[in-house]
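Asks:
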Amino acid sequence: MRRLTLLAALLCAASSAAVPAVKTSKLTDSRLVLATLKGSVQLYGSRFGDQAFQAGVLALLRAKKIQVTVLTSQAAVKSMAPLKAAGAKVFYLPTGMNMTGSLVLSGNDTVLMNKDGRTWYVMQGPGLAVQAKTQMTPYAPYAKAY
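Note that this note's numbering numbers the sequence shown so that position 104 is 268, with each residue one more than the last.
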């Protein structure tokens, strides 16, 4: 439900006259999705895309092309060990606070939402990822470092 609320908030903000137009696309090729990742990347959720996407994020992190921060559920945190070993900052929410779906923020302007492991909805616009990150800050007090 939070994911849908976030998407609606982003789209409403993006449709405002004061905000430049948001470019949206639907991608199923992991290579194209990985090409949108740059700079600081935040991963919110418990599972992120297909194996090709996961391997690509890990390769980009190891190559120091991106910096990664993860917020996941306690049930999924151990699966983030390869990211942590490669230098990602990994946080998890306590038992009882579950995360479904996934949200990826890249740089200041790109928001990616994963539908089914293979289909990604990509929204790009000035400050869009910053707005989405602000929507996720209420979870910060509950997060614990892994």
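Virtual Cβ for every residue (Gly too), placed ideally from N, Cα, C.
Near leucine 222, which residues of its chain fall below 7 angstroms by C-beta distance, leaving aside the five closest residues on each side in sequence?
Replies: Pro246, Leu247, Ala250
Asks: Using the C-alpha atoms, what's the distance from threonine 188 back to methionine 277?
Replies: Distance between the alpha carbons of methionine 277 and threonine 188: 11 angstroms.
Asks: Measuring CB to CB, does glycine 209 end up less than 7 angstroms from serine 266?
Replies: yes
Asks: How is serine 194 classed by DSSP in three states: helix, strand or coil?
Replies: Serine 194: helix per DSSP, three-state reduction.
Asks: Within this structure, are the beta carbons of leucine 292 and valine 275 separated by less than 7 angstroms?
Replies: yes
Asks: One question on the structure: do threonine 233 and lysine 202 come within less than 7 angstroms of each other, judged by their Cβ atoms?
Replies: no
Asks: Less than 7 angstroms separating the beta-carbons of phenylalanine 255 and alanine 307?
Replies: yes
Asks: Which residue marks the beginning of the beta strand (DSSP E) containing leucine 267, and which one marks its end?
Replies: 266-270
Asks: Kindly list the residues whose CB is nearer than 8 angstroms to the CB of serine 237, restricted to its own chain and excluding five residues on each side of it in sequence; keep chain order.
Replies: Ser210, Tyr256, Leu257, Met261, Asn262, Met263
Asks: Whose C-beta lies closer than 7 angstroms to the C-beta of valine 294 among residues of the same chain, with five residues either side of it excluded?
Replies: The residues are Asn272.
Asks: Do valine 186 and methionine 300 have their C-beta atoms within less than 7 angstroms of each other?
Replies: It is not a contact, given that the beta carbons lie outside the stated cut-off.
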